[in-house]
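For the sequence shown, this note's numbering assigns the number 21 to the initial residue and increments by one for each residue that follows.
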Amino acid sequence: MNTETHTDQSTGQPTHVVVLGSGYAGVHACRKLINKQNLSEDLKVTLISDVDHMLYVTMIYEVPAGNLAPSSIRQPIRTMFTADNVHFQKGTATEINTQNQTVHYKTDGRAEDLDSTQELAVSYDYLVSAIGSETEFFGTPGAAEHAYRLKDLNQAKRLKNTLIHNFERANLETDKEKIKELLSFVVVGGGPTGVTLTAKLANLLNHELADSFPDLIDYAGITILEAKDTVVDRAGLWFSNKVAESLAAMDRVSIQTGCCVDRVRPDGVVYNDGEELRSECVIWTAGVKAREIDFANEDVVKKHEHSQRIHVTPKLHLPEDQRVYVAGDQAWVERIDADQPYPMRAQFAVRQGQHAAENILADIRGRGKQNFYWNDKGIVISVGHGQTYAEVFGIKMSGLPATIAYKSIYLMSTIGVRNKFRAMLEWFMNMFLPRDISEL
21 MNTETHTDQS TGQPTHVVVL GSGYAGVHAC RKLINKQNLS EDLKVTLISD VDHMLYVTMI
81 YEVPAGNLAP SSIRQPIRTM FTADNVHFQK GTATEINTQN QTVHYKTDGR AEDLDSTQEL
141 AVSYDYLVSA IGSETEFFGT PGAAEHAYRL KDLNQAKRLK NTLIHNFERA NLETDKEKIK
201 ELLSFVVVGG GPTGVTLTAK LANLLNHELA DSFPDLIDYA GITILEAKDT VVDRAGLWFS
261 NKVAESLAAM DRVSIQTGCC VDRVRPDGVV YNDGEELRSE CVIWTAGVKA REIDFANEDV
321 VKKHEHSQRI HVTPKLHLPE DQRVYVAGDQ AWVERIDADQ PYPMRAQFAV RQGQHAAENI
381 LADIRGRGKQ NFYWNDKGIV ISVGHGQTYA EVFGIKMSGL PATIAYKSIY LMSTIGVRNK
441 FRAMLEWFMN MFLPRDISEL
């Protein structure tokens with residue numbers, strides 16, 4: 021008979037699992053570790069994150085578009101995990117020391133009711149690093165300083181506030197060129213995030229903002245700058261054609277492909293070696309890279325040169341340390357059936373977080389760890405009312421079925437009844453009532 025134990029035999033203390041990051045991978049790793057089947061007083065879990073909530077980042081563009089309130093796409097961590105053996109610490113992880121099995125992190129003095137930021141350390145028996153990704157500017161001058169991005173809630177709120185504020189500024193302006201500059205919006209990157217954001221903002225421009233600022237709306241427009249020959253090219257030809265057709269049919273939307281941005285300025289962008297677009301709101305959705313964390317002994321990690329993702333084994337742990345796991349956007353996991361990594365998308369982050377936890381539990385119980393494998397369940401791209409395209413389990417769909425799939429996937433992935441109900445209510449109200457165009 022196999023006797024399960026979650027106790028570190030060398031110390032007699034509960035086995036301590038530290039999870040870094042409160043995104044899809046980190047949260048689902050914690051949930052797997054502490055679910056009813058695995059719950060034990062001999063297993064201790066510490067979650068460290070620089071924010072006190074889980075953000076449903078796949079829906080973040082709904083906030084600047086006025087479709088969902090910020091509270092609808094976030095879930096507080098402290099109410100999500102209430103078990104006695106789970107501890108949440110708000111802080112930013114700064115260094116992992118695999119030799120000493122410690123994580124160093126710093127706390128926000130204001131958040132922790134302290135006089136100043138503190139540097140702290142926590143020891144672990146197992147570690148799951150899942151700190152996610154950040155915007156990749158590819159070294160483009162001025163992009164980090166002047167471009168808006170869409171990776172956290174503060175950035176989403178800032179974008180919406182700028183959108184509304186620019187209309188208010190334009191309402192007081194008499195110079196037509198300045199009005200056009202204020203109301204011209206540039207989206208750099210024609211991937212799924214870029215095209216979805218463009219469509220959502222265009223819908224807001226063409227309805228609520230057009231009704232509220234009828235004398236200004238003819239000056240407004242959104243331009244997508246895409247370096248490749250078509251938008252959403254990685255999603256396949258069917259998606260590319262459908263999305264391009266939908267965007268081309270929208271008022272106040274322009275797509276320019278084959279455009280490489282050379283520089284971002286406070287008043288616009290320079291692209292293709294000298295061409296200019298004047299705009300006081302440039303939004304960068306052209307790429308992401310893994311967030312970085314220092315390792316005290318760097319020889320244990322190998323990072324991909326461009327994406328900074330950490331190479332791990334098919335079991336998701338470091339090749340040189342089987343107690344350190346990496347999951348989600350931070351992990352470079354090569355597919356067993358293809359010579360390429362799994363993409364940086366939510367469905368893979370969720371499953372990798374769960375799989376890392378499963379392998380940790382297997383190791384604790386003296387069982388064999390399993391290789392990670394996950395089939396792509398599909399992709400959904402929404403570009404407006406009735407203009408949603410999906411491929412789910414190999415089945416292509418558009419229109420109402422795709423819209424239902426789009427919203428169902430979000431609701432199924434949402435943790436907590438409150439957030440599910442709030443999102444459904446807001447979507448229902450948006451069908452009959454004007455969206456919120458006030459600043460956040």
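Using N, Cα and C, we set each Cβ at its ideal position, and we do this for glycine too.
query	result
Under 8 Å, do Val273 and Val263 count as touching if we go by C-beta distance?	no
Starting from Arg343, trace the beta strand (DSSP E) in both directions and tell me its first and last residue.	341-346
Specify, as a first and last residue, the run of the beta strand (DSSP E) that Ser69 falls within.	63-69
CA-CA distance, Val77 and Ser327?	19 Å
Mind reading off the beta-carbon distance from Met74 to Gly43? Whole number of angstroms is fine, and I expect it under 8 Å.	7 Å
Provide the residue(s) that pair with Pro161 in DSSP beta bridges, ordered along the chain.	Pro161 pairs with nothing; no bridge assigned.
Helix, strand or coil for Leu75 per DSSP?	strand
If you draw a straight line from the C-alpha of Tyr362 to the C-alpha of Phe368, how long is it?	7 Å
Within 10 angstroms of the Cβ of Asn105, are there 16 or more other Cβ atoms? Answer buried if so, exposed if not.	buried
For my contact list, Phe187 and Leu236 are in at a C-beta cut-off of 8 Å; report their separation, rounded to the angstrom.	6 Å
DSSP state of Asp253, grouped into three classes?	helix
Taking the alpha-carbon positions, what's the Val308 to Gly210 distance?	13 Å
Give me the Cβ distance between Glu296 and Glu201, rounded to the nearest whole Å; I'm assuming they're in contact under 8 Å.	Wrong, their Cβ atoms sit about 11 Å apart, outside the cutoff.
Given this structure, state the Cα-to-Cα distance separating Pro286 from Asp357, to the nearest angstrom.	46 Å
Taking one C-beta from the stretch 189-199 and one from the stretch 93-109 each time, how about it: are there three or more such pairs within less than 8 Å?	no
Label Gln372 either buried or exposed according to how many other C-beta atoms from any shown protein chain fall within 10 Å of its C-beta, with 16 as the threshold for buried.	buried
Quick check: the stretch 401-419 against the stretch 210-222, are at least 3 beta-carbon pairs closer than 8 Å?	yes
Which stretch, first to last residue, makes up the alpha helix (DSSP H) that contains Lys461?	Lying before the first or after the last residue shown, residue 461 is absent from the chain, which here runs from 21 to 460.
Along the chain, where does the beta strand (DSSP E) that runs through Ser274 open and close?	273-277
If I measure Cβ to Cβ from Glu132 and keep anything under 6 Å in the same chain, skipping five residues before and after, which residues do I get?	Note that Glu132 scores a pLDDT of 48, beneath 50, so its modelled location is shaky and nothing firm can be said.
Given a cut-off of 8 Å, decide if Leu40 and Ile68 are closer than it, judged by their beta-carbon atoms.	yes
Quick check: what's the CA-CA separation for Pro454 versus Asn226?	12 Å
Can you list, in chain order, the residues of its chain whose CB lies under 7 Å from that of Phe233, leaving out five sequence neighbours each side?	Phe187, Asn191
Quick one: give me the first and last residue of the beta strand (DSSP E) that Val302 is part of.	301-304
If the criterion is Cβ atoms closer than 8 Å, does the pair Glu139 and Lys126 meet it?	yes
Going by CA-CA distance only, name the one from Lys323, Ala351, Trp258, Thr155 that's closest to Trp304.	Thr155
Locate the beta strand (DSSP E) running through Val245, then write down its first and last residues.	The amino acid occupying residue 245 in the given sequence is Leu; Val does not appear at that position. Leu245 -> beta strand (DSSP E) spans 241-246.
Just to confirm my understanding: we take Trp447, look at its own chain, exclude 5 residues before and 5 after, and list those with CB closer than 7 Å. What are they?	Lys427
In whole angstroms, what is the alpha-carbon distance linking Ile244 and Val207?	5 Å
For Trp352, count neighbouring Cβ atoms within 10 angstroms of its own Cβ and tell me buried if that reaches 16, exposed if not.	buried
Please state if the CB of Ala422 and the CB of Thr408 are separated by a distance shorter than 8 Å.	yes
So is Phe452 buried or exposed if we call it buried at 16+ other beta carbons inside 10 Å?	exposed
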